[in-house]
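When the count follows my numbering, it moves up by one through the sequence shown with no breaks and lands on 592 for the last residue. Below is one structure, written out as structure tokens, with a few remarks after it.
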Amino acid sequence: MRTEDDPLWYKDAVFYELHVKAYSDSNADGIGDFPGLLTKLDYLHELGVDCLWLLPMYPSPFRDDGYDIADYYSIHQNYGTMEDFRRFLEAAHARGMRVIIELVVNHTSDQHPWFQEARRSRESPLRDWYVWSDTDDRYKEARIIFLDTEKSNWAWDPVSKAYYWHRFFSHQPDLNFDNPAVREEIWKVMDYWLRMGADGFRVDAVPYLIEREGTSCENLVETHDVLRFLRRRLDENHANKVLLAEANQWPADVRPYFGEGNEFHMAFHFPIMPRIFMAVQLEDRKPIVEIMERTPPIPESCQWAIFLRNHDELTLEMVTDEERDYMYDEYAKDPKGRINLGIRRRLASLMGNVRRRVELLNSLLFSLPGTPVIYYGDEIGMGENIYLGDRNGVRTPMQWGGGWNAGFSTADPEQLYLPIISNPVYGYAAVNVESQRRSEDSLLSWMKEIIRLRRSSRVFGRGSLEFLNPENHRVLAYIRRWEDETVLVVTNLSRSAQAVELDLRPFRGAIPIEMFGRNAFPRIGERPYPLTLAPYHFFWFQLRRL
Ligand code: NOJ
Ligand code: CA
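Set out below in structure tokens:
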């Protein structure tokens, strides 16, 4: 199935999120770079991913891992030259892969020349590019996001003797999107990278662009005006590009970011993620079914992006206090595993390194509605290091092999940007690409297979979702339908074997073909359809009418 010229390509795609610095180091300075990443494109192509999402690769003082940008028009020198970036882009495109990059525009670094100029004096022509105040008591209803580090959303600027507004770290002043010059500049940034060949952007922190007194300063209608302006410019100038929103909000509040198909093409579905983890721990389908039932329909051209883990903490903002306590108790007993409102751990270790549970979560990732986003390293079951600061524990070097620096770099191990995971369970000797490549039974080989299956049909990316309601609530069962294709997914969320009877009367006469093994199951009749499932087991059936 080729999707190259389809403007809706992102609906059928599999995304893969990675940090250039974490992937492969070509010049032995201990930091991954674009020439290194280029040599790994064949690996990514073989894995079967369609679109790479690169974490910020701009010049930055790195006080928020590059989300503090000091120049929007170039590449951090650690990662190579602009030419290296272009070469990488071309090589990705030559393999039929797309690349989206970060658009972090809610805020800049305080080192950005715009801010340096703005703070120089109250009369500076760029003063109005940021949000200033003589007092620190405006916009009191806006919550603080980085609870572990920040006490206020205002910071004092000793140079111009005023407060400036920041929703994240205090070294990340928010841009003032009420200023039309700022909007124009951001469009220039977008156009610059799109012309170079970038296929779109993951847009950081979109709910916070505009501030208004007496509101939470999130999801304001004026913010949507800005986003529609940027989308309009995009559509007028480019084709087949994608904008993916990072809006960590309830589905009903994310829905407006799709507009009428005139804001974002895609948006992350944040609340489904912790509920997937809750469902396997509770051995109950309820959290998943409930949140999907609370998810409003979106325009035809739009798509959810779903994920299990990413470069941040497993965020628990979109759950109740009770649910958060449950998640902490079950998944972060060691308080070191917690940060802000979340858990800084990776998928395999959250799943207790139980292969069947890791597969189960991936089965949900690849079969629920939306485009799946894999976090680098999770395809081989990498672990984390909770003793590194901030969220660095899930940003360690990719584990390519069992040798020197896991094949990531030939630098001295002490020189690496972060230490490689080296414990006997998740360390590079035990968990690496090279050894998993040699085994048909490895997690990596299994991931290739599930990605291949996912890509074999558009039903997963485009189909409708209908839950079945079997009596056994440890079993989650749903139907995905698109055009003349129907897939039935049945999942045992529990640690013990389960039996279930499904009401499949609407499909009577059809034969379920189990998709991984391509075996036919008994024909569906009038009576409840019985299935037995081993612990954490799942089936993907194509319902074939013969
Ligand atoms: C969201 C990013 O995912 C996170 O890593 C970053 O710290 C904040 N935005 C602030 O830029
Ligand atoms: Ca390097």
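Ideal Cβ positions, reconstructed from N, Cα and C, are used throughout, including at glycine.
Can you have a look at Ala298 and say buried or exposed, based on whether 16 or more other CB atoms are within 10 angstroms of its CB? exposed
Beta strand (DSSP E) containing Phe585: first to last residue? 584–591
For my contact list, Trp492 and Val535 are in at a C-beta cut-off of 8 Å; report their separation, rounded to the angstrom. Between Val535 and Trp492 the Cβ distance is about 17 Å, and since that is not below 8 Å, they are no contact.
Quick check: the Cα distance between Leu328 and Ala556, rounded to an integer number of angstroms? 33 Å
Taking DSSP as the reference, what is the three-state secondary structure of Ser481? The three-state reading of DSSP puts Ser481 in helix, counting H, G and I together.
Could you check where the beta strand (DSSP E) with Ile190 kicks off and where it finishes? Run containing Ile190: none; DSSP gives neither H nor E here.
Just the C-alpha distance for Leu407 and Ser170, rounded to the nearest angstrom, thanks. 52 Å
Among Glu480, Lys382, Val335, which one has its Cα closest to the Cα of Leu414? Ranking the options by Cα distance to Leu414, first place goes to Val335.
Quick check on the burial criterion: 16 or more other C-beta atoms within 10 angstroms. Buried or exposed for Leu289? buried
Identify the continuous alpha helix (DSSP H) that holds Asn283 and give its terminal residues. 267–283
At which residues does the beta strand (DSSP E) containing Tyr575 begin and terminate? Run containing Tyr575: 575–579, per the beta strand (DSSP E) assignment.
Identify which residue in Pro302, Asp358, Ala227, Leu240 has its Cα closest to the Cα of Pro342. Pro302
Cutting at 7 Å between CB atoms, please list the residues of its own chain near Lys16, excluding the five before and the five after it. Summary: the structure shown does not reach residue 16, with the chain confined to residues 47 through 592, and so no result is reported for it.
For Arg508, which of Leu489, Pro418, Trp528 has the nearest alpha-carbon? Trp528
Chain D beta carbons: is any one of them nearer than 7 Å to that of Ser179? Of the protein chains in this structure there is only one, and it is not chain D.
Uninterrupted beta strand (DSSP E) stretches inside the region 362–440 (no shorter than 3 residues): 417–421
Taking the C-alpha atoms as reference points, what is the distance between Asn222 and Ser488? 50 Å
Grouping DSSP H, G and I as helix and E and B as strand, with all else coil, what is Met444? coil
Would you call Arg248 buried or exposed, if buried means 16 or more other Cβ atoms sit within 10 Å of its Cβ? Buried, by the Cβ-count rule.
Between which two residues does the beta strand (DSSP E) harbouring Ile525 extend? 521–528
Through-space distance from Met444 to Asp549, alpha-carbon basis: 45 Å
Along the chain, where does the beta strand (DSSP E) that runs through Ser510 open and close? For Ser510, the enclosing beta strand (DSSP E) has its first and last residue at 510–513.
Residues around ligand 2, please: the condition is that the C-beta lies closer than 5 Å to some non-hydrogen atom of it. Asp71, Asn73, Asp75, Ile77, Asp79
Within 8 Å, do at least three Cβ pairs link the region 342–351 to the region 365–378? Fewer than three pairs of CB atoms, one per stretch, sit closer than 8 Å, so the region 365–378 makes no contact with the region 342–351.
For Glu480, which residues in the same chain have their Cβ closer than 8 Å to its Cβ, ignoring the five residues on either side in sequence? Trp446, Gly447, Gly448, Gly453
Collapsed DSSP secondary structure at Val288 in the structure displayed: Val288 sits in a strand when the DSSP states are folded into three classes.
Helix, strand or coil for Phe239, going by three-state DSSP, please let me know. Before going on, a small fix: residue 239 reads as Trp here, not Phe. Helix, per DSSP.
Using a threshold of 7 Å, state whether the C-beta atoms of Tyr421 and Arg355 are closer than that. Contact flag set, yes.
For ligand 1, is there a heavy atom less than 6 Å away from the beta-carbon of Ala251? yes
Quick check on the burial criterion: 16 or more other C-beta atoms within 10 angstroms. Buried or exposed for Gln6? Since the first residue shown for the chain is 47 and the last is 592, residue 6 is missing from the structure and cannot be characterised.
Consult DSSP for Asp88 and reduce its assignment to one of helix, strand or coil. helix
Using DSSP with H/G/I as helix, E/B as strand and the rest coil, what is Leu464? coil
From the DSSP output, in three-state form, read off Tyr474 for me. coil
For ligand 1, is there a heavy atom less than 6 Å away from the beta-carbon of Tyr594? Lying outside 47 to 592, the shown extent of the chain, residue 594 is not represented and no answer is given.
Kindly indicate the opening and closing residues of the beta strand (DSSP E) around Met312. 312–314
Contact between the region 155–175 and the region 259–275 (3+ Cβ pairs under 8 Å): Contact between the region 155–175 and the region 259–275 is absent, because fewer than three Cβ pairs lie under 8 Å.
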